[in-house]
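Okay, structure first, notes after.
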Amino acid sequence: MNQITTEFTAADQIDADIAHLRTAFASGKTRSLQWRKAQLKGIIRLIDEQEDAIIAAIQADLRKSRVEAFIAEIAAIKKEAQYALKNLKRWTSKKKVKTPMLAQPGKSWLQPEPLGVVLCITAWNFPWHQSLTPMVGAFAAGNCVLVKPSELCATSAALIAKLYPQYLDPDAVAIVQGGPEETQALLRNKFDHIIYTGGGTVARIVMTAAAQHLTPVTLELGGKSPAIVDKSADIKMTARRLVWGKFQCAGQICITADYVFVHKSKKAELIAALKQEIANGLGADPQQSNDYARIINARHHDRLTGLLSEGRIVHGGRHDKADLYIEPTIIEDAPEGGKLMSDEIFGPILPIVEWEKEEDIYAWMATRDKPLALYVFADDKGFQTRIVDRISAGNVAINDLMLFVVVPELPFGGVGASGMGSYTGTQGFCTFSHFKPVLKRGKRMDLDARYVPYNSKKEKI
Ligand code: NAD
Numbered sequence: 001m002n003q004i005t006t007e008f009t010a011a012d013q014i015d016a017d018i019a020h021l022r023t024a025f026a027s028g029k030t031r032s033l034q035w036r037k038a039q040l041k042g043i044i045r046l047i048d049e050q051e052d053a054i055i056a057a058i059q060a061d062l063r064k065s066r067v068e069a070f071i072a073e074i075a076a077i078k079k080e081a082q083y084a085l086k087n088l089k090r091w092t093s094k095k096k097v098k099t100p101m102l103a104q105p106g107k108s109w110l111q112p113e114p115l116g117v118v119l120c121i122t123a124w125n126f127p128w129h130q131s132l133t134p135m136v137g138a139f140a141a142g143n144c145v146l147v148k149p150s151e152l153c154a155t156s157a158a159l160i161a162k163l164y165p166q167y168l169d170p171d172a173v174a175i176v177q178g179g180p181e182e183t184q185a186l187l188r189n190k191f192d193h194i195i196y197t198g199g200g201t202v203a204r205i206v207m208t209a210a211a212q213h214l215t216p217v218t219l220e221l222g223g224k225s226p227a228i229v230d231k232s233a234d235i236k237m238t239a240r241r242l243v244w245g246k247f248q249c250a251g252q253i254c255i256t257a258d259y260v261f262v263h264k265s266k267k268a269e270l271i272a273a274l275k276q277e278i279a280n281g282l283g284a285d286p287q288q289s290n291d292y293a294r295i296i297n298a299r300h301h302d303r304l305t306g307l308l309s310e311g312r313i314v315h316g317g318r319h320d321k322a323d324l325y326i327e328p329t330i331i332e333d334a335p336e337g338g339k340l341m342s343d344e345i346f347g348p349i350l351p352i353v354e355w356e357k358e359e360d361i362y363a364w365m366a367t368r369d370k371p372l373a374l375y376v377f378a379d380d381k382g383f384q385t386r387i388v389d390r391i392s393a394g395n396v397a398i399n400d401l402m403l404f405v406v407v408p409e410l411p412f413g414g415v416g417a418s419g420m421g422s423y424t425g426t427q428g429f430c431t432f433s434h435f436k437p438v439l440k441r442g443k444r445m446d447l448d449a450r451y452v453p454y455n456s457k458k459e460k461i
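End of the sequence shown sits at 461 in the UniProt record's numbering; the numbers just go up one at a time, nothing left out.
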């Protein structure tokens with residue numbers, strides 16, 4: 001049995017891993033339905049048998065609560081694999097399309113085929129989800145996968161390297177451990193698809209490298225996702241759901257609300273309700289709560305505490321670097337040009353911004369990058385519709401945060417600066433497949449008209 005190791009993968013091993021995957025793909029073994037099913041069942045078995053070890057690794061990296069880790073990393077992945085197993089036959093079957101007169105007699109269809117070797121580079125906040133969920137789609141489509149987990153979640157990364165080859169075809173999965181250097185060594189190679197989860201700066205490095213090989217990319221990035229709160233919103237429920245979503249994983253979730261954009265008349269009531277919900281859920285001292293995660297490392301702790309001087313803290317603000325702790329914090333009056341309102345926060349700090357006229361919202365959003373998620377809290381259905389219609393975003397939820405991820409037929413992905421391409425559910429299969437168009441001609445009715453020599457009568461066919 002492989003031992004857990006946090007050693008970074010050597011350059012020659014990276015080359016050998018890629019060559020090994022290429023050989024496996026070329027052998028054709030990944031194409032059979034039986035092989036694909038075995039991988040999906042392997043993912044389910046891995047989740048079932050290793051649940052405690054996976055949760056322990058996540059807790060070692062981030063001190064997430066067991067329930068949070070279970071919902072996002074265990075239950076969600078298992079559901080995804082089960083959904084793929086259920087739909088595999090339908091997904092992989094040829095899809096007939098109409099054949100026009102000109103190509104008659106004939107039959108036409110779209111035939112899904114695997115792309116080849118997929119590179120999956122992940123961030124550190126959901127290392128299992130960000131590797132296994134794309135793998136569900138990639139394996140369902142008949143590909144081999146090379147995973148590069150983030151070096152920042154070292155315990156999970158080491159366990160991933162140990163477990164994946166045990167539960168999945170070791171010829172078709174490889175794990176490269178490492179940071180920027182190893183990732184860039186990987187990127188010098190040709191892959192058939194790259195899926196990258198992380199920040200926009202590294203996404204540019206990934207896309208530049210992919211361009212050298214004309215490799216298609218799926219980029220799962222982040223950004224400043226707003227929660228827009230209308231005067232018609234149910235403020236107590238809004239506060240409850242905002243606190244649930246914003247302070248989970250200490251705010252280190254790409255699709256959480258980055259900031260709240262609330263109607264002026266409801267701001268005071270919302271802040272009071274948010275404070276109450278934080279106290280209800282995490283107590284007077286969240287540092288003592290087992291349900292409150294820690295910041296991933298000292299560098300990010302410094303970055304986040306640096307933001308606390310912007311604006312006015314109306315709740316929280318305490319922090320403890322030795323414990324990588326930052327209290328759930330609410331900030332008012334953050335300056336528009338400052339880092340708090342320009343950069344993605346990715347931590348437990350919630351700025352509150354107010355709006356007065358609905359047009360202010362559209363003007364504000366028009367000057368910003370398209371967010372990964374858009375949240376609208378309102379009882380007024382007209383307001384809900386207008387916000388959803390007029391603001392572009394990767395994914396949208398009305399009167400909740402983040403839960404679109406549990407709907408298998410809502411593909412997950414960004415738009416503009418928050419990413420490109422999407423996966424999960426049927427879209428996961430589609431992302432890692434090429435739908436090869438095939439026309440099969442009959443031999444009858446071989447009309448002369450299409451062949452040279454042409455004449456004016458032939459123009460009329
Ligand atoms: P990151 O960009 O620092 O790192 C992501 C991956 O890139 C890691 O595997 C890392 O090893 C590698 N990497 C880092 N620097 C590199 C370099 N110079 N060259 C090559 N590779 C490099 O991102 P992160 O800090 O791990 O994650 C935070 C970001 O990810 C946030 O912006 C967040 O919104 C986003 N995110 C998006 C999703 C999503 O599904 N859309 C999910 C989680 C996180």
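A virtual CB, placed ideally from N, CA and C, is assigned to each residue, including glycine.
Being a predicted model, the structure only gives us computed values, none of them experimental.
When the options are compared against residue i, the one with the closest alpha-carbon
i, options, result
"residue 308", "254, 357 and 333", "333"
"residue 256", "221, 212, 216 and 272", "221"
"residue 200", "388, 343, 362 and 376", "343"
"residue 265", "318, 354 and 209", "354"
"residue 106", "442, 453 and 454", "442"
"residue 30", "339, 143 and 422", "143"
"residue 366", "352, 387, 446 and 380", "387"
"residue 505", "95, 371, 48 and 455", "Residue 505 cannot be examined here, being either before or after the span of the chain that is shown, 1 to 461."
"residue 93", "429, 455, 445 and 460", "429"
"residue 166", "401, 319, 335 and 43", "43"
"residue 40", "244, 385 and 79", "79"
"residue 203", "19, 243, 180 and 162", "180"
"residue 311", "324, 335, 288 and 289", "335"
"residue 161", "139, 188, 184 and 132", "132"
"residue 401", "211, 237 and 209", "237"
"residue 101", "454, 453, 300 and 439", "439"
Beta-carbon gap between residue i and residue j smaller than 8 angstroms
i, j, result
"residue 147", "residue 193", "no"
"residue 458", "residue 449", "yes"
"residue 431", "residue 223", "no"
"residue 122", "residue 61", "no"
"residue 326", "residue 313", "no"
"residue 83", "residue 218", "no"
"residue 477", "residue 239", "Nothing about residue 477 can be read from this structure; the chain reaches only from 1 to 461."
"residue 159", "residue 14", "no"
"residue 215", "residue 190", "yes"
"residue 407", "residue 76", "no"
"residue 233", "residue 323", "no"
"residue 369", "residue 289", "no"
"residue 128", "residue 73", "yes"
"residue 54", "residue 66", "no"
"residue 95", "residue 85", "no"
"residue 347", "residue 304", "yes"
Reduced DSSP category for residue i - H, G, I as helix; E, B as strand; rest coil
i, result
"residue 397", "strand"
"residue 67", "helix"
"residue 373", "strand"
"residue 146", "strand"
"residue 463", "Shown here, the chain extends from 1 to 461; a query on residue 463 therefore has no answer."
"residue 449", "helix"
"residue 1", "Its pLDDT being 37, under 50, residue 1 is placed unreliably in this model, and the value from its coordinates should be taken loosely. If DSSP states are grouped into helix, strand and coil, residue 1 belongs with coil."
"residue 109", "strand"
"residue 121", "strand"
"residue 141", "coil"
"residue 410", "coil"
"residue 387", "helix"
"residue 80", "helix"
"residue 404", "helix"
"residue 416", "helix"
"residue 464", "Since the first and last residues shown for the chain are 1 and 461, residue 464 lies out of range."
"residue 136", "helix"
"residue 20", "helix"
"residue 204", "helix"
"residue 9", "coil"
"residue 368", "coil"
"residue 454", "coil"
"residue 250", "helix"
"residue 193", "strand"
Subject >> Contact the region 246 to 257 vs the region 285 to 302: 3+ CB pairs below 8 angstroms >> reply: yes
**OP:** Could you tell me which uninterrupted alpha helix (DSSP H) segments, each at least 4 residues in length, are contained entirely in the region 287 to 360, listed from first to last along the chain?
**Re:** 298 to 307
Subject >> the region 147 to 161 touching the region 174 to 183, judged by at least three CB pairs closer than 8 angstroms >> reply: yes
Original post:
Looking at C-beta atoms only, is the number of pairs between the region 412 to 423 and the region 384 to 399 that lie closer than 8 angstroms three or more?
Top reply: yes
Original post:
Would you call the region 227 to 237 and the region 373 to 380 in contact, with 3 or more CB pairs under 8 angstroms?
Top reply: yes
**OP:** Could you pull out every unbroken alpha helix (DSSP H) segment of at least 4 residues lying fully inside the region 27 to 64, listed in chain order?
**Re:** 33 to 49 and 51 to 62
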